[in-house]
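Quick note: to get my numbering, add 4 to the position in the sequence shown (first position is 1).
Note that the Cβ used here is the ideal one computed from N, Cα and C, for glycine as well.
Here's the structure we're looking at; comments come further down.
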Amino acid sequence: MKILKVLNNNAVVCAGEDGKETIAMGRGIAFQQKAGSELDQAKIEKTFVLQTEEKSSRFQKFIKDIPMEDVFLAEKIISHAQVSATKEFDDSIYITLTDHLSSALERMRCNISVTNPLTASIKTFYPNEFQMGSDAVKIIKEETGIQLPPDEAAFFTMHFVTAELGNSEMEFSGVLNFVQEISNIAKESLLNPVGEASVSWQRFLTHLSFFAQRLLTGKESEDKDSPLYDSVSNAYPKARSCVEKICRWVLDKYNHNVNREERTYLMIHVNRLHEECGAK
Numbered sequence: 005m006k007i008l009k010v011l012n013n014n015a016v017v018c019a020g021e022d023g024k025e026t027i028a029m030g031r032g033i034a035f036q037q038k039a040g041s042e043l044d045q046a047k048i049e050k051t052f053v054l055q056t057e058e059k060s061s062r063f064q065k066f067i068k069d070i071p072m073e074d075v076f077l078a079e080k081i082i083s084h085a086q087v088s089a090t091k092e093f094d095d096s097i098y099i100t101l102t103d104h105l106s107s108a109l110e111r112m113r114c115n116i117s118v119t120n121p122l123t124a125s126i127k128t129f130y131p132n133e134f135q136m137g138s139d140a141v142k143i144i145k146e147e148t149g150i151q152l153p154p155d156e157a158a159f160f161t162m163h164f165v166t167a168e169l170g171n172s173e174m175e176f177s178g179v180l181n182f183v184q185e186i187s188n189i190a191k192e193s194l195l196n197p198v199g200e201a202s203v204s205w206q207r208f209l210t211h212l213s214f215f216a217q218r219l220l221t222g223k224e225s226e227d228k229d230s231p232l233y234d235s236v237s238n239a240y241p242k243a244r245s246c247v248e249k250i251c252r253w254v255l256d257k258y259n260h261n262v263n264r265e266e267r268t269y270l271m272i273h274v275n276r277l278h279e280e281c282g283a284k
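Pasting the structure below:
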């Protein structure tokens, strides 16, 4: 395996067996080595293969100044979280979460603590990802002996949710606000309180997160039709009324007309909530 580029004493870029650029890390892996040298594979402790050239380039620049232990710890946290994630994480999490982790550890060493004003909302609307964030804090304690503040679980949650949505540049607070507002409108239409741990409620919140992602990144079309719209609309009048309120809010807030396809999906989700509450 040939070395293509030396990043620092502990990291190199090499050509993998499939021809893809691979970032290999290990203590002293690049000591007295240069581009074109044969890589001592016995020194490889971790390898990273990012899916796009742009992300690979960013990661290469990024890890030059990050302690190798922090990179390995972040990879362990991400691998642990991926097991229970709803979607495959976007590669950008290796950059964003590792950066946050390294900064959080440095803050603790300097006795600097930060708070997250969104913690309560994040815990409510993203319980699965919040558990991932809590696990991350536990893993850090086990591996480093450093106990991060409770709010750090929410910060890690933000990285996990964003990685599931597949857009590292999107403002998480905008997604959270979108989900909060629409879920409140839906709750007002229910006869009884919905169990926030229920499968129907969690599926609804997941759908809203992806709807928000498409809308906030300009990928939500206004002209998509749905062959099921009329039949679903006629079959579920209460859900239709609720979705009409949601669509008015979206129009007022974002100047966006929700297309019929999205309205159909929303009615189906809201109707499931109505049926679940009515069964209580």
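Beta-bridge analysis with DSSP links Cys-18 to Ile-7 and Thr-26. Nearest in C-alpha terms to Phe-63, of all of Ile-97, Glu-49 and Met-162, is Ile-97. Assigned with DSSP and collapsed to three states, Thr-51 falls in strand.
A distance of 8 angstroms or more separates the beta carbons of Thr-268 and Leu-209. Contact check between the segment 182-189 and the segment 207-222: three or more CB pairs, one atom from each, fall below 8 angstroms, which counts as touching. When Trp-253, Leu-255 and Leu-195 are compared, the shortest CA-CA separation from Asn-275 is found for Leu-195. When secondary structure is reduced to three states using DSSP, Glu-42 falls in the strand class. At the C-beta level, Asp-139 and Leu-105 stay beyond 8 angstroms of one another. Counting along the chain, Thr-123 sits inside the alpha helix (DSSP H) bounded by residues 123-129. Residue burial annotation: Val-53 is exposed, with fewer than 16 other C-beta atoms found within 10 angstroms of its C-beta.
Residue state for Asn-12 is assigned as strand, using DSSP reduced to three classes. Counting only unbroken stretches of 4 or more residues, the alpha helix (DSSP H) elements lying wholly within the segment 226-254 are 233-239, in sequence order. A contact is defined here as three or more CB-CB pairs under 8 angstroms, and the segment 86-94 fails this definition with respect to the segment 38-46.
Sequence-distant partners of Glu-133 (beyond 5 residues in either direction) whose C-beta falls short of 7 angstroms from its own C-beta, in its chain, are Thr-161, Phe-164 and Val-165.
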